[in-house]
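Structure record follows, encoded as structure tokens.
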Amino acid sequence: MTQTFEIAVIGATGTVGETLVQILEELDFPVGTLYLLAGSNSAGASVPFRGKNVRVREVDEFDFSKAQLAFFAAGPAVTVSFAPRATAAGCSVIDLSGALPAEQAPHVVPEANAHVLDGMRKPFQLGSPSPSATHLAVVLAPLRGLLDIQRVSVTACLAVSAQGREAVSELARQTAELLNVRPLEPTFFDRQMAFNLLAQVGKPDAQGHTDLEKRLIHELRAVLDTPLLKISATCVQAPVFFGDSLTVSLQLAAPVDLAAVNRALDAAPGIERVEEGDYPTAVGDAVGQDVVYVGRIRAGVDDPAELNLWVTSDNVRKGAALNAVQLAQLLIKGLA
1 MTQTFEIAVI GATGTVGETL VQILEELDFP VGTLYLLAGS NSAGASVPFR
51 GKNVRVREVD EFDFSKAQLA FFAAGPAVTV SFAPRATAAG CSVIDLSGAL
101 PAEQAPHVVP EANAHVLDGM RKPFQLGSPS PSATHLAVVL APLRGLLDIQ
151 RVSVTACLAV SAQGREAVSE LARQTAELLN VRPLEPTFFD RQMAFNLLAQ
201 VGKPDAQGHT DLEKRLIHEL RAVLDTPLLK ISATCVQAPV FFGDSLTVSL
251 QLAAPVDLAA VNRALDAAPG IERVEEGDYP TAVGDAVGQD VVYVGRIRAG
301 VDDPAELNLW VTSDNVRKGA ALNAVQLAQL LIKGLA
């Protein structure tokens with residue numbers, strides 16, 4: 001018989017948590033018992049898994065010694081509160097919130113730095129990076145040996161689902177109000193989100209950078225193992241429900257060979273390159289898919305050592321839930 005593993009999902013009723021459970025089923029992950037956990041407001045709900053409705057329990061009351069692996073798909077505060085309890089009970093942790101420092105829980109994207117898991121001992125602690133960092137790592141990893149990258153500049157247009165179900169509902173409500181010529185009253189967002197772009201996602205620090213922008217930079221450096229790489233990041237809130245879109249500009253040490261870049265991207269796992277003359281979109285291509293789409297691959301207008309890319313992918317599925325499950329697939333040999 002195939003060995004099975006006892007799995008806990010914290011944040012099981014959120015957009016990422018529900019998708020994570022769905023992917024566990026789709027990939028036929030060897031789950032023995034699935035424990036779905038959330039806060040008191042969501043306890044008692046149910047989530048479908050393998051033809052049954054699994055009841056959601058309160059995380060406060062859970063005994064983590066019952067599980068071998070726990071996915072933390074809730075907010076940073078939940079990870080800080082309960083991840084230590086999990087590891088103390090011998091339960092391995094995959095954190096999607098970014099709450100655990102890289103020294104404690106290395107950030108891993110399987111397509112980019114799976115070797116980090118070599119030699120690790122259980123209970124494992126791993127960080128699944130933010131969706132934007134994951135998407136970028138998947139694209140940049142196959143280019144590391146080909147290009148001498150001096151600087152990365154990225155503008156990430158993020159779907160509202162990055163902020164959870166309440167943000168999705170708010171965008172839907174605002175859209176309906178405007179289309180029906182009703183007065184708009186923002187609640188979750190501090191201003192109109194529908195048919196608009198917001199120049200920041202979250203509150204900036206004294207230097208003007210948001211936590212999400214700093215997280216993207218730190219995680220990308222960690223995954224690519226380039227601690228001195230210069231990265232500038234701007235995160236923009238887009239009026240899109242699901243699917244992030246990124247404009248990426250790489251400053252290189254030498255003129256770029258576009259044909260070689262295309263070959264490297266074509267050969268890399270997790271990437272779908274769109275041919276010249278076309279381009280991918282979040283809604284038309286990426287949503288619901290398990291790959292990162294890359295298009296508009298071109299050198300700079302007046303700088304042959306500049307490479308520009310358009311990247312889009314499903315932030316909830318590929319960028320968050322699937323990456324975490326792929327990490328679990330790498331870990332199960334060590335959990336046995």
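Residue numbering for the sequence shown follows full-length UniProt numbering, starting at 1 and increasing by one per position. Even for Gly, the Cβ is constructed at its ideal location relative to N, Cα and C. Given the structure is predicted, the values throughout are model-derived calculations rather than measurements.
In this structure residue 327 does not touch residue 92 by the C-beta definition: roughly 10 Å separates them, more than the 8 Å allowed. In the three-state scheme derived from DSSP, where H, G and I count as helix and E and B as strand, residue 107 is classed as strand. Listed as beta-bridge partners of residue 53 by DSSP are 48. Setting aside the 5 residues that flank it on each side, residue 184 is surrounded in the same chain by 174, 177, 178 and 192, each with a C-beta closer than 7 Å to its C-beta; the list follows chain order. DSSP lists no beta-bridge partner residue for residue 187.
Linking residue 14 to residue 74 through their CA atoms gives a straight-line distance of about 7 Å. Contact annotation, residue 153 with residue 40: C-beta distance approximately 43 Å; criterion of less than 8 Å not satisfied. Straight through space, the alpha carbons of residue 256 and residue 25 are spaced by roughly 42 Å. For residue 153, the uninterrupted beta strand (DSSP E) run begins and ends at 149-158, by DSSP.
Taking every protein chain shown into account, the CB of residue 87 has 16 or more other CB atoms within 10 angstroms, so this residue is buried.
Beta-bridge partners assigned by DSSP to residue 140: none are found. Counting the other Cβ atoms within 10 Å of the Cβ of residue 304 gives fewer than 16, which makes it exposed.
Exposed is the label assigned to residue 145, since fewer than 16 other Cβ atoms lie within 10 Å of its Cβ.
Taking all protein chains shown into account, residue 51 has fewer than 16 neighbouring C-beta atoms within 10 Å of its C-beta and is therefore exposed. Listed in chain order, the non-local C-beta contacts of residue 266 below 8 Å within the same chain comprise 273, local neighbours out to five positions each way being set aside.
The Cβ atoms of residue 64 and residue 82 lie closer than 9 Å to each other.
Three or more beta-carbon pairs separated by less than 8 Å are not found between the segment 314-321 and the segment 164-173, which leaves the two stretches without contact. Contact between residue 201 and residue 212 holds: their C-beta atoms lie close to 5 Å from each other, under 8 Å. Under DSSP, the beta-bridge partners assigned to residue 244 are 313. Taking the Cβ atoms as the reference, residue 100 lies roughly 16 Å from residue 134, outside the contact range of under 8 Å. If you draw a 10 Å sphere on the C-beta of residue 48, you find fewer than 16 other C-beta atoms in it, and that means exposed. If one requires a minimum length of 3 residues, the beta strand (DSSP E) runs lying completely within the segment 287-332 are 292-299 and 306-313, in chain order. Of the residues assessed, residue 115 falls on the exposed side of the cut-off, its CB having fewer than 16 other CB atoms within 10 angstroms. With 16 or more other Cβ atoms from the protein chains shown falling within 10 Å of its own Cβ, residue 215 counts as buried.
No Cβ-Cβ contact shorter than 9 Å links residue 102 with residue 220. If you ignore the 5 residues before and after residue 188, its C-beta comes within less than 6 Å of the C-beta of 166, 167 and 170, all in its own chain and listed in chain order. With respect to the 9 Å criterion, residue 282 and residue 172 are not classified as neighbours on the basis of their beta carbons. Put simply, the backbone Cα of residue 111 is about 11 Å away from that of residue 291.
In the DSSP annotation of this structure, residue 203 is not part of any alpha helix (DSSP H), being labelled neither H nor E. For residue 230, no alpha helix (DSSP H) encloses it; the enclosing beta strand (DSSP E) starts and ends at 230-237. The beta-carbon distance between residue 228 and residue 307, rounded to whole angstroms, is 19 Å. This is too long to meet the 8 Å contact definition.
For a cut-off of 8 Å, the C-beta gap from residue 122 to residue 335 is around 6 Å, short enough to register as a contact.
Nearest to residue 262 by alpha-carbon distance, out of 233, 293, 239 and 235, is 293. Residue pairing from DSSP places residue 69 in a beta bridge opposite 7 and 92. Nearest Cα to residue 239 within the set 277, 194, 231 and 210: 194.
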